[in-house]
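Trainee: Count the sequence shown with full-length UniProt numbering and you get residues 1 to 140, in order. For each residue, glycine too, the CB sits at the ideal point set by N, CA and C. Just dropping this structure here.
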Amino acid sequence: MNYTPWAIRAGTNTVDGIVAVPLLVAGEFIDTPGAPRLIAVAAGVLSMVLFAYNRWYLAGRTGQSWGRKLFGVRLVGDRTGRPVGVGRAALRDVAHSLDVAVCYLGYLLPLVAAKRQTIADMVCRTVVVSDLPERAESRA
1 MNYTPWAIRA
11 GTNTVDGIVA
21 VPLLVAGEFI
31 DTPGAPRLIA
41 VAAGVLSMVL
51 FAYNRWYLAG
61 RTGQSWGRKL
71 FGVRLVGDRT
81 GRPVGVGRAA
91 LRDVAHSLDV
101 AVCYLGYLLP
111 LVAAKRQTIA
121 DMVCRTVVVS
131 DLPERAESRA
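Have a look at this one:
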């Protein structure tokens, strides 16, 4: 498998994080004295639904969130090479709390790990791989 470099993984996560931010920001601007709180709450709920659809449903079914699709990479099972399913994609995001628990060092682990995995990837048995074919010299 052609494991994805850390910088590209960081880029995909940045894109995925940015997806929901406009709704949260809009909800805060709308949440002014006199404005109905319901609008801000609805914007927050819609933001969470978009996040779940993108990171869990799309990534679980196809291996690609919007960020991963943009960068041409996929989240797959490390043993099967196939998309991991909605539940495991969601569990992986929850497991990222382990990456944070060690002073965010878990997010730097792909810089040195053989399969370029975070702690969450190791726990959930997932890898992020490139859609592009491996170059001949990288296989040698």
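Following the continuous alpha helix (DSSP H) through residue 37, name the residue where it begins and the one where it ends.
Mentor: Against the sequence shown, residue 37 aligns to sequence position 37. 37-52 is the extent of the alpha helix (DSSP H) around residue 37.
Trainee: Using the three-state DSSP reduction, which class does residue 187 fall into: helix, strand or coil?
Mentor: One cannot answer for residue 187 here, as it falls past the ends of the chain, which runs 1 to 140.
Trainee: Where do the N-terminal and C-terminal ends of the alpha helix (DSSP H) with residue 67 fall, by residue?
Mentor: Locating residue 67 in the sequence shown gives position 67, counting from the first residue. Residue 67 -> alpha helix (DSSP H) spans 66-71.
Trainee: For residue 17 versus residue 71, is the C-beta distance shorter than 8 Å?
Mentor: Within the sequence shown, residue 17 is the residue found at index 17, counting from 1. Within the sequence shown, residue 71 is the residue found at index 71, counting from 1. Not in contact: residue 17 and residue 71 (Cβ atoms no closer than 8 Å).
Trainee: Please name the residue, chosen from 87, 118, 85 and 114, that lies closest to residue 101 on a Cα-to-Cα basis.
Mentor: In the sequence shown, residue 101 corresponds to position 101, counting from 1. For residue 101, the nearest C-alpha among the options comes from 118.
Trainee: Rounded C-beta distance between residue 13 and residue 67? I'm assuming under 8 Å.
Mentor: For the purposes of this step, residue 13 is taken as residue 13 along the sequence shown, with counting starting at 1. For the purposes of this step, residue 67 is taken as residue 67 along the sequence shown, with counting starting at 1. Sure, about 6 Å apart at Cβ, within 8 Å.
Trainee: Of the residues 76, 46, 49 and 48, which one's Cα is nearest the Cα of residue 60?
Mentor: Numbered from 1 along the sequence shown, position 60 holds the residue referred to as residue 60. Comparing Cα-Cα distances from residue 60 to each of 76, 46, 49 and 48, the minimum goes to 76.
Trainee: Quick check on this structure: which residue in 5, 48 and 125 has the alpha carbon closest to the alpha carbon of residue 25?
Mentor: Taking the sequence shown and counting its residues from 1, one reaches residue 25 at position 25. Looking at the Cα atoms, 48 is the closest of the given residues.
Trainee: State the beta-bridge partners of residue 76 as determined by DSSP.
Mentor: Translated into positions along the sequence shown, residue 76 becomes position 76. Bridge partners of residue 76: 127.
Trainee: Indicate the three-state DSSP secondary structure (helix, strand or coil) for residue 140 in the structure shown.
Mentor: Reading the sequence shown from its first residue, position 140 is the one you call residue 140. Note that residue 140 has pLDDT 44, beneath the 50 cutoff, so the model's placement of it is unreliable and no number is given.
Trainee: Express the C-alpha separation of residue 44 and residue 151 in angstroms, rounding to a whole number.
Mentor: Here the chain covers residues 1 to 140 and nothing more, so residue 151 does not appear.
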